[in-house]
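For reference, the structure is listed below as structure tokens.
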Amino acid sequence: MLEYVRQFISQHIELTEEEFQTLASKLHLVSFDKKTKLVDIGDVATTFYFVLKGVSRRYFYRGKQEVITHLIKEGGMMGSVISFITGEPSRYIVETIEPVTAYSLSKKDLDQLYSTDKKWEKFGRKIITAFFLQLESQILDNIRYSTKERFINFMKHNPELVRRVPQKYLASYLEIQPETFSRLKHLIVKEK
Amino acid sequence: MNTAFTDIDPVLFDYAQKYLGRFMPITREELVELLQYCEIRKFDKRTIIVRVGEVDNYLNLVVKGLIRKYLPVRKDEVILQLATEGHVVQSEISFLTRSPSMVVVETLEPTILLSLTHDKMEEALDKFPKGERLGRMIVSGMYIKKDENRYNRLSKSTRQRFFDYIDHHQHMLQRVPQKYLASYLQIKPETFSRLKALLSKRQK
Chain A
1 MLEYVRQFIS
11 QHIELTEEEF
21 QTLASKLHLV
31 SFDKKTKLVD
41 IGDVATTFYF
51 VLKGVSRRYF
61 YRGKQEVITH
71 LIKEGGMMGS
81 VISFITGEPS
91 RYIVETIEPV
101 TAYSLSKKDL
111 DQLYSTDKKW
121 EKFGRKIITA
131 FFLQLESQIL
141 DNIRYSTKER
151 FINFMKHNPE
161 LVRRVPQKYL
171 ASYLEIQPET
181 FSRLKHLIVK
191 EK
Chain B
1001 MNTAFTDIDP
1011 VLFDYAQKYL
1021 GRFMPITREE
1031 LVELLQYCEI
1041 RKFDKRTIIV
1051 RVGEVDNYLN
1061 LVVKGLIRKY
1071 LPVRKDEVIL
1081 QLATEGHVVQ
1091 SEISFLTRSP
1101 SMVVVETLEP
1111 TILLSLTHDK
1121 MEEALDKFPK
1131 GERLGRMIVS
1141 GMYIKKDENR
1151 YNRLSKSTRQ
1161 RFFDYIDHHQ
1171 HMLQRVPQKY
1181 LASYLQIKPE
1191 TFSRLKALLS
1201 KRQK
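Structure, rendered in structure tokens:
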């Protein structure tokens, strides 16, 4: 399973065998039931996860309404990243949707890595850059594309999430009203 | 003309130290070394510095002036950022992935930028002792800011968004045309005018 982590880290940065072993020695294999809150609003996030199996979501509340900003499946990285970086209380809830298996990395261990070699600073920079790019793309896409285009793009590129994630979560993530989402879904079925 | 840092203006130097210091404490000696990689760029007001389709080659810190970054959408444009002194501005996805820009970066006031090309950034990350750390801090800062903006947009009412912004950026009402502020805050221009009228009542 570590091979899997090596594979997806290599998309962001090349590590030597020795460096990877150093990182691996800091990773802990963890499992969670479905609907487990890993981080709650107000918690300080001290753990970051590389997901091996299972889907999770990150969200906050607008009044009583959940607003989903992230859906993470295997091969993804998850956490309340900003709380993890700043040490401030989280604005987000990170919660599993399915049972999840992941490797966890603690902030303490990551800080220790940062202090040993600037290669790890680079590692941190690349990971945060990946989060940054994903957020910026999401923001631009929400402006550039109409609701219908957003819906179709997502369906096309994330068939697995469509199958595994409740519809109301998908609608929230795409910033589409649930009723509109249902209507669009009918369109798709008809086109087939 | 871009200036070399052999005889840098002490005022600019102090600005650079102050603004970079927000990401990470930086000594005078370190800054002198770091500035070897940078250049100062000066632009008139209303100059487009990145066009759609161009690869943005610069990471910029605004030393003086005001810049808007916007996304052209159909016949409209949506303002994504209004960058003033101390802010980092660029076409981020283009710069980071070396791809054609989707956004336009344009000065609104005469502007001075402390700029780093992509090549020089790679060199500084490699050779400047704290380069990787500073790089990580800058991208973290950019991410935090962007996430906060989205959080505010999704979690607050239009009215609350307007008042929170104006409370923290009073000077922007003088510096930026109203329609740009409205676009940036994603508030309809008519609603913006109505809220602005409430503002003057509130101040009385």
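Respectively, the protein sequence lines represent chains A and B.
Heads up, the first sequence is in this note's numbering, so the first residue is 1 and it goes up one at a time.
Heads up, the second sequence is in this note's numbering, so the first residue is 1001 and it goes up one at a time.
Backbone N, C-alpha and C define an ideal beta-carbon position, used for all residues, glycine too.
Cβ closer than 9 Å: which chain A residues qualify as neighbours of residue i?
i          : result
Thr1097(B) : Leu133
Glu1092(B) : Phe132, Leu133, Glu136
Tyr1165(B) : The premise fails here: Tyr1165(B) is roughly 17 Å from chain A at the closest Cβ pair, so nothing lies under 9 Å.
Find out if the Cβ-Cβ distance for the pair residue i, residue j is shorter than 8 Å.
i          : j          : result
Tyr49(A)   : Gly79(A)   : yes
Asn1060(B) : Ser1094(B) : no
Phe131(A)  : Val81(A)   : yes
Ser115(A)  : Leu27(A)   : no
Ser56(A)   : Val5(A)    : no
Glu1054(B) : Lys1130(B) : no
Lys53(A)   : Val100(A)  : yes
Glu1109(B) : Arg1068(B) : no
Glu136(A)  : Glu1092(B) : yes
Tyr1070(B) : Val1032(B) : no
Val1050(B) : Pro1072(B) : no
Ile1008(B) : Gln1017(B) : no
Glu98(A)   : Lys34(A)   : yes
Val162(A)  : Met155(A)  : yes
Arg997(B)  : Leu1066(B) : Residue 997(B) lies beyond the stretch modelled for chain B, which goes from 1001 to 1204, so this question has no answer here.
Lys73(A)   : Val51(A)   : yes
Along the chain, where does the alpha helix (DSSP H) that runs through residue i open and close?
i          : result
Glu18(A)   : 17 to 24
Glu1148(B) : 1131 to 1155
Arg164(A)  : 159 to 164
His28(A)   : Run containing His28(A): none in the alpha helix (DSSP H); it sits in the beta strand (DSSP E), 28 to 32.
Tyr4(A)    : 2 to 9
Gln1081(B) : Element bounds for Gln1081(B): not the alpha helix (DSSP H) but the beta strand (DSSP E), 1076 to 1083.
Phe1214(B) : Coverage of chain B is limited to positions 1001 through 1204, which leaves residue 1214(B) absent and any answer about it impossible.
Leu170(A)  : 167 to 173
Starting from residue i, trace the beta strand (DSSP E) in both directions and tell me its first and last residue.
i          : result
Tyr1037(B) : No beta strand (DSSP E) holds Tyr1037(B); DSSP gives it neither H nor E.
Val67(A)   : 65 to 72
Pro89(A)   : Note, Pro89(A): premise wrong, no beta strand (DSSP E); not H, not E.
Leu38(A)   : 37 to 39
Pro1025(B) : Counting along the chain, Pro1025(B) falls outside any beta strand (DSSP E), and DSSP gives it neither H nor E.
Tyr59(A)   : 56 to 62
Asn1057(B) : Segment: none, Asn1057(B) is in no beta strand (DSSP E) and carries neither H nor E.
Lys1069(B) : 1067 to 1073
Lys53(A)   : 47 to 53
Leu1116(B) : 1111 to 1117
Against residue i, what residues of chain B qualify as contacts under a CB-to-CB distance less than 8 Å, listed in chain order?
i        : result
Gly75(A) : Result: empty, since nearest Cβ-Cβ is about 19 Å, beyond 8 Å.
Val67(A) : Leu1154, Ser1155
Could you name the residues of chain A that residue i contacts, counting a contact when the two beta carbons are closer than 7 Å?
i          : result
Arg1136(B) : Glu121, Gly124, Arg125, Ile128
Asp1014(B) : What Asp1014(B) touches in chain A: nothing, since even the nearest Cβ is about 27 Å away.
Asp1147(B) : Ile82, Leu135
Ser1140(B) : Ile85, Ile128
Tyr1037(B) : Under the 7 Å cutoff, chain A gives no residues; its nearest Cβ is about 16 Å from Tyr1037(B).
Can you name the residues of chain B whose CB is closer than 9 Å to the CB of residue i?
i        : result
Phe60(A) : Tyr1151, Leu1154, Ser1155
Counting only Cβ pairs nearer than 8 Å, list the residues of chain A close to residue i.
i          : result
Arg1133(B) : Tyr114, Lys118, Glu121
Glu1190(B) : Here the premise fails: no neighbours, minimum Cβ distance about 20 Å.
Val1078(B) : Ile143
Tyr1180(B) : Under the 8 Å cutoff, chain A gives no residues; its nearest Cβ is about 15 Å from Tyr1180(B).
Ile1144(B) : Ile82, Ile85, Thr86
Please list the partners that residue i has in chain B, where partner means a Cβ-to-Cβ separation under 7 Å.
i         : result
Leu140(A) : Leu1071, Met1102
Asp91(A)  : A small fix is needed here, since residue 91(A) is Arg in this sequence, not Asp. Correct list: Tyr1151.
Evaluate contact between the stretch 141 to 151 of chain A and the stretch 174 to 181 of chain A, counting only Cβ atoms and requiring at least three cross-stretch pairs below 8 Å.
-> yes
Counting Cβ pairs closer than 8 Å, one from the stretch 14 to 28 of chain A and one from the stretch 58 to 70 of chain A, do we hit at least three?
-> Result no; under three Cβ-Cβ pairs closer than 8 Å.
Examine the Cβ distances between the stretch 29 to 49 of chain A and the stretch 10 to 19 of chain A and report whether three or more of them are shorter than 8 Å.
-> no
In the stretch 1165 to 1189 of chain B, which residue ranges form an unbroken alpha helix (DSSP H) of at least 4 residues, counting only runs that do not cross its ends?
-> 1172 to 1175, 1178 to 1185
Is it a yes or a no for the stretch 1136 to 1143 of chain B touching the stretch 1075 to 1086 of chain B, going by three-plus beta-carbon pairs under 8 Å?
-> no
Would you say the stretch 1148 to 1166 of chain B touches the stretch 146 to 166 of chain A, given that touching needs at least three Cβ pairs under 8 Å?
-> no
Contiguous alpha helix (DSSP H) assignments of at least 4 residues, all confined to the stretch 115 to 144 of chain A = Complete alpha helix (DSSP H) runs here, min 4: 118 to 144.
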